[in-house]
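Dropping the structure here:
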């Protein structure tokens with residue numbers, strides 16, 4: 002049976018939310034929340050530049066650059082889900098375009114993952130399982146992606162959070178947390194692949210959003226962020242192993258022994274994912290949001306490194 006999502010999550014020793022000392026703060030609560038609202042917008046506006054830097058260095062270690070670019074696009078989409086209601090429609094449109102950018106490298110990434118997985122399971126396999134060369138994407142593909150990032154950057158320059166006090170960040174975070182926690186009610190060891198994939202997306206969103214908010218209480222959120230990354234890794238491994246299994250199943254000689262190994266690996270990864278639920282989603286959404294609100298009103302935002 003899956004670990005209950007209601008199990009209290011343990012914190013590191015000494016990890017606690019900031020408390021008021023009774024002295025006068027440099028910013029009061031509403032002013033601090035306005036800083037967080039502005040910080041969110043500035044951070045999202047900076048994503049296209051980060052993406053361009055990764056594309057500009059694509060010739061150097063292309064496999065890592067592709068991996069980092071895809072993660073950056075996921076982070077950007079996750080943070081755009083925190084958008085205030087006035088920008089929700091435009092943010093949704095941007096997320097769809099960012100998803101297309103990420104998928105531009107999807108086929109090559111999936112092929113490399115499948116080949117690497119099969120080679121690990123069958124090191125003496127024939128040439129069908131040889132890893133594809135780590136080549137940089139075609140120059141025209143990279144150029145088109147640069148242009149797309151520039152267009153998205155221009156569109157975001159028209160965005161404004163004037164009048165916002167940051168409450169939209171808390172409301173959106175609570176939605177993300179609630180969706181991830183509800184999905185965790187189903188045992189990961191018996192989830193359909195479709196349901197598990199959808200849950201992984203919610204875990205990714207939650208992990209990046211927690212990373213964005215971590216400066217509000219660095220030690221308090223560190224363990225939860227680390228656990229979310231591990232949970233994401235376990236769920237991602239299940240998806241990758243399934244891709245490899247489907248490729249074998251489609252072959253004339255489906256490699257029964259290798260498929261059995263894949264099945265055992267999938268079971269282990271699903272079990273590990275089930276064991277992580279309490280560490281990532283142990284608090285109720287209302288409690289988690291209240292903790293975050295208290296932290297944000299006491300601590301100024303600062304830039305963090307997501308990728």
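Residue numbers (our numbering): 2 to 308.
Glycine included, each C-beta is placed from N, C-alpha and C at the ideal position.
Within a 10 Å sphere around the beta-carbon of residue 75 sit 16 or more other beta-carbons, which makes this residue buried. Out of 299, 160, 109, the CA that lies nearest to the CA of residue 138 is found in 109. The C-beta distance from residue 259 to residue 123 rounds to 5 Å, short enough to meet the 8 Å contact threshold. Remark: C-beta atoms of residue 235 and residue 273 approach each other more closely than 9 Å.
Spatial neighbours of residue 184 in its own chain (CB-CB distance under 8 Å, excluding positions within 5 residues in sequence) are listed in chain order as 196, 199, 200, 203. Annotated as proximal: residue 45 and residue 157, with beta-carbon spacing under 9 Å. Under the three-state reduction of DSSP, residue 235 is assigned to helix. Distances from the alpha-carbon of residue 297 to those of 256, 222, 62 put 222 closest.
The C-beta distance from residue 182 to residue 286 rounds to 6 Å, short enough to fall under 8 Å. At the C-beta level, residue 153 and residue 99 come within 9 Å of one another. In the pairwise beta carbon analysis, the stretch 204-220 is classified as touching the stretch 63-83: at least three pairs are separated by under 8 Å. Rounded to whole angstroms, the separation of the alpha carbons of residue 40 and residue 213 is 10 Å.
Counting only runs of 3+ residues, no beta strand (DSSP E) is found wholly inside the stretch 78-165. By the criterion of a C-beta distance shorter than 7 Å, residue 143 is surrounded in its chain by 56, 59, once the five residues flanking it on both sides are discounted.
Distance from the CA of residue 170 to the CA of residue 250, rounded to the nearest whole angstrom, comes to 45 Å.
Cβ-Cβ distances below 7 Å link residue 237 to 201 in the same chain, with the five nearest sequence neighbours on each side left out; the list follows chain order. Cβ-Cβ distances below 7 Å link residue 230 to 208 in the same chain, with the five nearest sequence neighbours on each side left out; the list follows chain order. Excluding residues up to 5 positions away in sequence, 162, 165, 169 lie with their Cβ nearer than 7 Å to the Cβ of residue 85 in the same chain. In the structure shown, residue 218 falls within a coil segment according to DSSP collapsed to helix, strand and coil.
When DSSP states are grouped into helix, strand and coil, residue 187 belongs to the coil group. Per DSSP, reduced to three states, the secondary structure at residue 62 is coil, with no helix or strand assignment. With 16 or more neighbouring CB atoms inside 10 Å of its own CB, residue 66 falls in the buried class. Taking the Cα positions, residue 248 is about 13 Å away from residue 117. Shortest Cα-Cα distance from residue 266 to any of 37, 279, 38, 241 involves 241.
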